[in-house]
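The block underneath contains the structure these notes are about, expressed in structure tokens.
Residue numbers (the working numbering), protein chains in the order written: chain A, 903 to 1207; chain B, 903 to 1207.
Next up, the structure:
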């Protein structure tokens, strides 16, 4: 099982030549999930070798242009590339009205695939928005100038790993193997009980990833992302702009680090940097003073979880 | 007076890492005019140093994504950059409905400037769509899968240039200078007539530029662009794809060159290349066999007219 994230853009608002606006892909066992889709996302996908046609689920945090203006082009290109089947877009419901309206920028009746819109829930706390065999994705509300959501990707608990040598040793049937992987003990024909922990090894711990942008600092985010392995949290400004951050409903590097510290995450990636920062080493330094295991995102960066 | 064109994208349909989709700017005496606005156009403007805030007029040829999906981001960025005043968008009328609809991707009520939509005319032949002190822009219909227009930029005839030495020699008043620049002769106090051609020099010949994409080859285009200094004409395919060009309502390199030859233009720039061509030297060669003064566009290219 592998879980990784590739940053396609970690800038805010105005795109620059050194940092694209927000988009990233989560790769879980070769399934590609797209989070946000700023203008030029499909170009970044080509630049960084993302398998565009493998995207089945797209998550849009909110309807500011620097988070979704690349969606029309991506959906159009997928159609031109002959994409078939189903695509799920987890998004504010207004996006569905926009794409289904008479004056939509994209004529959905011409795409060769079906789009299933999954409106994000306004409920407090975590809401399950995607549930696949091995992965769950939850959304949770943030606080920005428009309705905005964060996302948590959680691998599901896996079955126990059977110790291979046990299969011939006890001449296990398929039915017995299934039960043992579920945690059952083995009863031999002579009545002997072989406890499960002599037959199996613990499965790998499920991994988790959380994406949080754009928002003011929130205690509800601490609770939503508690204990995740990696947290991507916006840090639009350095600490000297705390007032401006509040006015624009964004966070400073220090605030992002406080969330990471309080949520006891494994690692913090800061991003969504204001275009005023050519280098973000100051923001990284400020975050590390509060939460040591912090790195600053950059376009094209891969994070293995 | 200067007239130049900068190519921001000369690819078709799917953007690639080596060629952006269609956008270009015409610079006339430091006034910047944008023609088409594919996704990533604002990024190309930053890359190639185009003064984004100086754009007053935008011309959109048709509503296929590879010609207008960058408009939402550009208009949004102009607003974030504090742009005020008026912006004119010459476009298919559906674009106005799209941007003014309840579910527009961009909330026009939040922009700090006013957008004036100028719907393009379905009339045959040239229709004046922009008329400024020194420049006129005409639209004319093309033939593609959706309603599509080409554009001709024409400098206006300028006044005659007065020979500087004549001003002290004849002690010319402002009123006399104005008349002489308009082509009048000068009558001295003793009744002598000084003919205008002894007082003035011919003004520079007005320059002109035409933009034609996406379309099948049309005789009406030959007439619309007759005699322009520079013609940008789509050449999506090399000559071996003539059938596919017809099916997709596009042109081959040879067809573009035939239009240039028949219209007796000064120079041909071919563009809107299919993504299948990493190099377009074959298309350039095929066009030159019919119209010698041809160059193939590339992103970032400047053409002085």
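For glycine and all other residues, C-beta sits at the position ideal for the given N, C-alpha and C.
Starting from residue i and walking both ways along the alpha helix (DSSP H), at which residues does that stretch end?
{"i": "residue 1159 (chain B)", "result": "1155-1164"}
{"i": "residue 1101 (chain B)", "result": "Looking at the DSSP string, residue 1101 (chain B) is not in any alpha helix (DSSP H), and its letter there is neither H nor E."}
{"i": "residue 943 (chain B)", "result": "943-949"}
{"i": "residue 1123 (chain A)", "result": "1121-1126"}
{"i": "residue 1068 (chain A)", "result": "1068-1071"}
Mind checking if residue i is an interface residue toward chain B, Cβ cutoff 8 Å exclusive?
{"i": "residue 1043 (chain A)", "result": "no"}
{"i": "residue 994 (chain A)", "result": "no"}
{"i": "residue 906 (chain A)", "result": "no"}
{"i": "residue 972 (chain A)", "result": "yes"}
{"i": "residue 982 (chain A)", "result": "yes"}
{"i": "residue 967 (chain A)", "result": "yes"}
{"i": "residue 978 (chain A)", "result": "yes"}
Is residue i close to chain A? Criterion is C-beta to C-beta, closer than 8 Å.
{"i": "residue 1175 (chain B)", "result": "no"}
{"i": "residue 975 (chain B)", "result": "yes"}
What first and last residue would you give for the beta strand (DSSP E) that runs through residue i?
{"i": "residue 1029 (chain B)", "result": "1029-1033"}
{"i": "residue 1043 (chain A)", "result": "1037-1043"}
{"i": "residue 1173 (chain A)", "result": "1169-1173"}
{"i": "residue 1052 (chain A)", "result": "1051-1057"}
{"i": "residue 925 (chain A)", "result": "925-930"}
{"i": "residue 993 (chain A)", "result": "988-993"}
{"i": "residue 1136 (chain A)", "result": "1132-1136"}
{"i": "residue 961 (chain A)", "result": "957-961"}
{"i": "residue 1004 (chain B)", "result": "Premise fails: residue 1004 (chain B) is in no beta strand (DSSP E) and is neither H nor E."}
{"i": "residue 1205 (chain B)", "result": "1204-1206"}
{"i": "residue 1105 (chain A)", "result": "Where residue 1105 (chain A) is concerned, there is no enclosing beta strand (DSSP E), given that its DSSP letter is neither H nor E."}
{"i": "residue 1020 (chain A)", "result": "1016-1021"}
{"i": "residue 915 (chain B)", "result": "Here residue 915 (chain B) belongs to no beta strand (DSSP E), and DSSP marks it neither H nor E."}
{"i": "residue 1198 (chain B)", "result": "1196-1198"}
Under 8 Å by Cβ, that's how I've got residue i and residue j pegged, so tell me the actual separation to the nearest angstrom.
{"i": "residue 908 (chain B)", "j": "residue 950 (chain B)", "result": "6 Å"}
{"i": "residue 1039 (chain B)", "j": "residue 1053 (chain B)", "result": "6 Å"}
{"i": "residue 1179 (chain B)", "j": "residue 1185 (chain B)", "result": "7 Å"}
{"i": "residue 1036 (chain A)", "j": "residue 1105 (chain A)", "result": "In fact, because the Cβ distance is near 11 Å, the residues do not count as touching under 8 Å."}
{"i": "residue 1165 (chain B)", "j": "residue 1199 (chain B)", "result": "Wrong, their Cβ atoms sit about 18 Å apart, outside the cutoff."}
{"i": "residue 955 (chain B)", "j": "residue 1000 (chain B)", "result": "Rounded, the Cβ-Cβ distance is 24 Å, inconsistent with contact."}
{"i": "residue 1133 (chain A)", "j": "residue 1114 (chain A)", "result": "7 Å"}
{"i": "residue 934 (chain B)", "j": "residue 952 (chain B)", "result": "7 Å"}
{"i": "residue 944 (chain B)", "j": "residue 975 (chain B)", "result": "6 Å"}
{"i": "residue 962 (chain A)", "j": "residue 991 (chain A)", "result": "7 Å"}
{"i": "residue 1109 (chain B)", "j": "residue 1207 (chain B)", "result": "5 Å"}
Reducing DSSP to helix, strand and coil, say where residue i ends up.
{"i": "residue 906 (chain B)", "result": "strand"}
{"i": "residue 1078 (chain B)", "result": "helix"}
{"i": "residue 1181 (chain B)", "result": "coil"}
{"i": "residue 999 (chain A)", "result": "helix"}
{"i": "residue 1089 (chain A)", "result": "strand"}
{"i": "residue 1112 (chain B)", "result": "strand"}
{"i": "residue 1144 (chain B)", "result": "helix"}
{"i": "residue 933 (chain B)", "result": "strand"}
{"i": "residue 1191 (chain B)", "result": "coil"}
{"i": "residue 1186 (chain B)", "result": "helix"}
{"i": "residue 975 (chain A)", "result": "helix"}
{"i": "residue 967 (chain A)", "result": "helix"}
Quick check: does the Cβ of residue i come within less than 7 Å of any heavy atom belonging to the ligand GDP?
{"i": "residue 1198 (chain B)", "result": "Among the components of this structure there are no ligands whatsoever, and the ligand GDP is therefore not found."}
Inset, instruction - Anything in the stretch 930-953 of chain A with a Cβ closer than 7 Å to a Cβ of chain B? List those residues in chain order, please. - result: Only 941, 942, 944, 945, 948, 949 from the stretch 930-953 of chain A bring a Cβ to less than 7 Å from some Cβ of chain B.
Legend entry - Interface residues of the stretch 999-1023 of chain A facing chain B [CB-CB below 9 Å]: Close to chain B, meaning a Cβ-Cβ distance shorter than 9 Å, are the following residues of the stretch 999-1023 of chain A: 999, 1000, 1001, 1002, 1003, 1004, 1005, 1006, 1007, 1008.
Inset, instruction - Could you please tell me which residues of the stretch 1126-1142 of chain A, in chain order, have their CB closer than 9 Å to any CB of chain B? - result: Legend: CB atoms of the stretch 1126-1142 of chain A lying less than 9 Å from CB atoms of chain B are not found in any residue.
Legend entry - Contact residues within the stretch 911-923 of chain B, judged by C-beta distance below 9 Å to chain A: Sequence-ordered contacts of the stretch 911-923 of chain B with chain A read 915, 916, 917, 918, 919, 922, 923 [C-beta pairs closer than 9 Å].
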